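Have a look at the structure below before the remarks.
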Amino acid sequence: MDAEHALIVAEQVTDQATDNRSLQPMAEAAQAAVGEPTMNVVADAGYSNGEQAEACEAKGIVPHVPANRAVNNRGDGTLFDRKEFSYQPESDTFRCPAGETLTRKQLSRKDRAVYYAGQPEVCGACALKSRCTVGAQRFVSRHLHEAA
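Have a look at this one:
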């Protein structure tokens with residue numbers, strides 16, 4: 123949609139169940155329709171796709187799309203959400219709400235994500251464990267293109 127004139131500048135009919143593969147083609151179609159070399163695009167979290175966001179940026183398109191993160195569905199719904207954990211880029215680790223470190227454990231090429239875990243002995247002795255995990259240790263993930 124062209125915000126200045128409130129006109130729809132691109133559309134797409136799809137049989138895909140999700141929009142997460144549509145950010146780049148829709149942004150490029152909008153860019154072609156308006157004829158601008160650079161532009162901003164806004165989309166809901168369903169369009170979140172770091173790889174496509176990077177491709178858009180390479181073409182002068184700046185996407186503004188929130189991350190599409192699953193809600194923590196373990197426990198009774200009161201467990202800390204992933205957003206309560208802060209990523210530490212200098213050490214490629216996460217810091218939990220109790221101040222402990224979750225280290226990189228696995229790279230999933232299929233999910234295009236990196237998984238981090240707390241140490242079971244640290245998580246087991248933590249005063250916040252009942253608000254963090256029902257397992258022996260807490261895991262969090264970061265998409266390979268999350269910074270995009």
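When we follow my numbering, the leftmost residue of the sequence shown carries the number 123, and every step to the right adds one.
For every residue, glycine included, the Cβ atom is placed at its ideal position computed from N, Cα and C.
In this text the structure is predicted, and so the values were computed from the model without any measurement.
Could you pull out every residue in the same chain whose Cβ sits closer than 6 Å to the Cβ of residue 207, ignoring the five residues on either side in sequence?
-> Excluding residues within five positions, the ones whose Cβ falls inside 6 Å are 216, 218 and 262.
Exposed or buried, what is residue 249 when buried is set at 16 or more other beta-carbons lying within 10 Å of its beta-carbon?
-> By the Cβ-count criterion, residue 249 is exposed, with fewer than 16 other Cβ atoms from all chains shown falling within 10 Å of its own Cβ.
Pull up the distance between the alpha-carbon of residue 214 and that of residue 226, whole angstroms please.
-> Cα to Cα, residue 214 sits roughly 7 Å from residue 226.
Going by beta carbon distance, what residues of the same chain come within less than 6 Å of residue 152, once the five residues before and after it are set aside?
-> Correct list, in chain order: 131 and 132.
Would DSSP call residue 236 helix, strand or coil?
-> In this structure, residue 236 counts as strand in the three-state DSSP scheme.
Is the beta carbon of residue 178 sitting closer than 8 Å to the one on residue 155?
-> Residue 178 places its beta carbon 8 Å or farther from that of residue 155.
Determine the direct distance from the alpha carbon of residue 161 to that of residue 182, and round the result to whole angstroms.
-> In this structure, the straight-line span from the alpha carbon of residue 182 to that of residue 161 is close to 7 Å.
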